[in-house]
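Undergrad:
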Amino acid sequence: MTKTTVVVTIDGFDPDYLDACDAPNLQELGRKGFLKIGKSMMPSVTNVNNVSLVTASYPEVHGISSNYRMIRETGEEIYMESGEYILAETMFQRATKLGKRSVLVTSKDKLRTLLSDGATITVSSEQAPEWVVAGPKVGEPPEIYSLEVNGWSINAANYIMTQHEADLVYITTTDYAMHTYAPDAPESQQHITILDNAIGELLETHPDTTFLLTADHGMSAKSRLLDLNDVLSAHGIRAVQVPIIKDRYVVHHSNLGGCMFIYMDPEHTGRTDEAMKILRETPGIDDVYSREGAVEKLNLYHERIGDIVVTGDKETVFGPSKLSRDLGGDGKVPSGLRSHASAHEQDIPLLGYNGDFEGFDFSENRDIGRYVFERTLAD
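Note that the sequence shown ends on residue 379 in the numbering used here; no numbers are left out.
1) Output the distance between the C-alpha atoms of A119 and L53, rounded to the nearest integer angstrom.
2) Which stretch, first to last residue, makes up the alpha helix (DSSP H) that contains P15?
3) Just mark L98 as buried or exposed, buried being the case when its beta carbon has 16 or more other beta carbons within 10 Å.
4) Between the C-alpha atoms of I265 and L256, what's the straight-line distance to the nearest angstrom?
5) I need the boundaries of the alpha helix (DSSP H) containing S290, first residue and last residue.
6) Where does L29 fall in DSSP's three states?
7) Throw me the rounded Cβ distance for the D11 and A156 pair, which I believe falls under 8 Å.
8) For A166 and R112, which I take to be in contact (beta-carbon distance under 8 Å), what is that distance rounded to the nearest angstrom?
9) Helix, strand or coil: which one does DSSP assign to K222?
10) In terms of alpha-carbon separation, which member of L226, D208, T180 and P142 lies closest to G355?
11) State buried or exposed for E81, treating a residue as buried only when at least 16 other CB atoms are found within 10 Å of its CB.
12) With the cut-off set at 8 Å, would you say F360 and R69 are in Cβ contact?
13) Going by other Cβ atoms of all chains shown within 10 Å of its Cβ, with 16 needed for buried, is I199 buried or exposed?
14) Short of 6 Å in beta carbon distance, which residues of its chain neighbour K314, apart from the five on each side in sequence? Order them along the chain.
15) Can you tell me where the beta strand (DSSP E) with V133 in it begins and where it stops?
16) Could you check what DSSP says for T172 in three-state terms: helix, strand or coil?
17) Start and end of the beta strand (DSSP E) containing A239?
18) Are the Cβ atoms of G218 and I348 separated by less than 8 Å?
19) So, at 7 Å on beta carbons, what are the nonlocal neighbours of S125 in its own chain, with the 5 sequence-adjacent residues on each side left out?
What follows is the structure in structure tokens.
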């Protein structure tokens, strides 16, 4: 009988949710195994960190440095949702090479399209196959903007494991609940209970499973919007700001996040150092990196980032000032905005249960992927 390794990535699972909400199954797993706080990759966004997890590598190796980017040569802006953009081997591809079976279950379909190459079975809540929907305790998937959809994804994986042997199962959720509700909100407890119960049922059904859990990023309340184009144009510098958090799930964060790529106008590249100095002196900005500095300090992939990479303080997101004006005031953000992408959303949980963990160092979420490569998929 195949011993299965299950990896669960809870999107936006800031440790504050684990502190504020009752999660008896997760707490018990942590006591019997390990539970600690680690770090995500930068920028602290979904695509970057899920790919780091499934490749066990930094963005400078796997090539995904954002959810969204501009192609420098053409000016075209694209979503990073296709597996063709991943430059490193994934755990699913390695499993296939070894003759092992793998399952990928996602809440967001963008992660199915991004990660699925090499996986034996792939399912998303937004493209659910009938044979999975027909499974006991599975049913029709809830709306993607719901508290229940992540429980569906875990239950779907549980059912798939009863129907098909798998050496590796990777489950990744969506962060609608974390974007919408603070850790102490009753809806957050409801969401965590759904997750906790589904995980408990999965391990009750498959008790020999090696279980690993982490998050792609944390989450913070945001109160200020800063338009970096406006900051630079006030000094006569032309540039384009590209929101690296941007994806098709606009309800979550309005495409406002704490990291931005700046592409200098070709006629103004000679003013890059001046632009960086101006940005460093701007309230709301934590760090400003040159392209080379972002590769060195943040481990980003050189060919797919801006001339300047800017990260915000805990309260600040970057985006168009028109949005603030439409809301009735300079710097205003949508009411109740919770978002991520900055260094302030890098804290994430690392949990492991029933595995060969002795002597293995877990300090970043990508280390869970490294464990899969080195212990589950060892030649």
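Note that CB positions come from ideal geometry on N, CA and C, so glycine has one too.
TA: In short, the structure shows the following:
1) If you number the sequence shown from 1, residue 119 lands on position 119. If you number the sequence shown from 1, residue 53 lands on position 53. Taking the straight line joining both Cα atoms gives about 15 Å.
2) The residue you call residue 15 lines up with position 15 of the sequence shown. Where P15 is concerned, the enclosing alpha helix (DSSP H) stretches over P15 to A20.
3) Numbered from its first residue, the sequence shown carries residue 98 at position 98. By the 10 Å Cβ count, L98 comes out exposed.
4) One-based indexing of the sequence shown puts residue 265 at position 265. One-based indexing of the sequence shown puts residue 256 at position 256. Residue identity differs from the one stated: residue 265 is Asp in this sequence, not Ile. Cα-Cα distance, rounded: 22 Å.
5) Working through the sequence shown from its first residue, we reach residue 290 at position 290. Note, S290: premise wrong, no alpha helix (DSSP H); beta strand (DSSP E) at I285 to S290.
6) In the sequence shown, counting from the first residue as 1, residue 29 sits at position 29. Judged by DSSP in its simplified three-state form, L29 adopts helix.
7) Within the sequence shown, numbered from 1, the residue matching residue 11 stands at position 11. Within the sequence shown, numbered from 1, the residue matching residue 156 stands at position 156. Rounded, the Cβ-Cβ distance is 16 Å, inconsistent with contact.
8) Taking the sequence shown and counting its residues from 1, the one referred to as residue 166 is at position 166. Taking the sequence shown and counting its residues from 1, the one referred to as residue 112 is at position 112. That belief does not hold up - the Cβ atoms of A166 and R112 are roughly 16 Å apart, past 8 Å.
9) Translated into positions along the sequence shown, residue 222 becomes position 222. Of the three classes helix, strand and coil, the one that applies to K222 here is coil, per DSSP.
10) Looking up residue 355 in the sequence shown gives position 355. The option with the nearest alpha carbon to G355 is D208.
11) On the sequence shown, position 81 is the one that residue 81 refers to. By the neighbour-count criterion, in which 16 or more other beta carbons inside 10 Å mark a residue as buried, E81 falls on the buried side.
12) Sequence index remark: in the sequence shown, residue 360 carries index 360 (1-based). Sequence index remark: in the sequence shown, residue 69 carries index 69 (1-based). No. Outside cutoff.
13) The residue given as residue 199 occupies position 199 in the sequence shown. Counting Cβ neighbours within 10 Å, I199 comes out buried, since at least 16 surround it.
14) Looking up residue 314 in the sequence shown gives position 314. Contacts found: S220 and H344.
15) Translated into the one-based positions of the sequence shown, residue 133 becomes position 133. In the DSSP annotation of this structure, V133 is not part of any beta strand (DSSP E); the continuous alpha helix (DSSP H) holding it starts and ends at E130 to V133.
16) What you label residue 172 is simply residue 172 of the sequence shown in a count that begins at 1. Under the three-state reduction of DSSP output, T172 falls in the strand class.
17) Residue mapping note: residue 239 aligns to position 239 of the sequence shown, counting from 1. Here the beta strand (DSSP E) through A239 covers A239 to P243.
18) Taking the sequence shown and counting its residues from 1, one reaches residue 218 at position 218. Taking the sequence shown and counting its residues from 1, one reaches residue 348 at position 348. Yes, the pair counts as a contact, with Cβ atoms nearer than the cut-off.
19) Residue mapping note: residue 125 aligns to position 125 of the sequence shown, counting from 1. Excluding residues within five positions, the ones whose Cβ falls inside 7 Å are S107, P141, I144, V149, W152 and S153.
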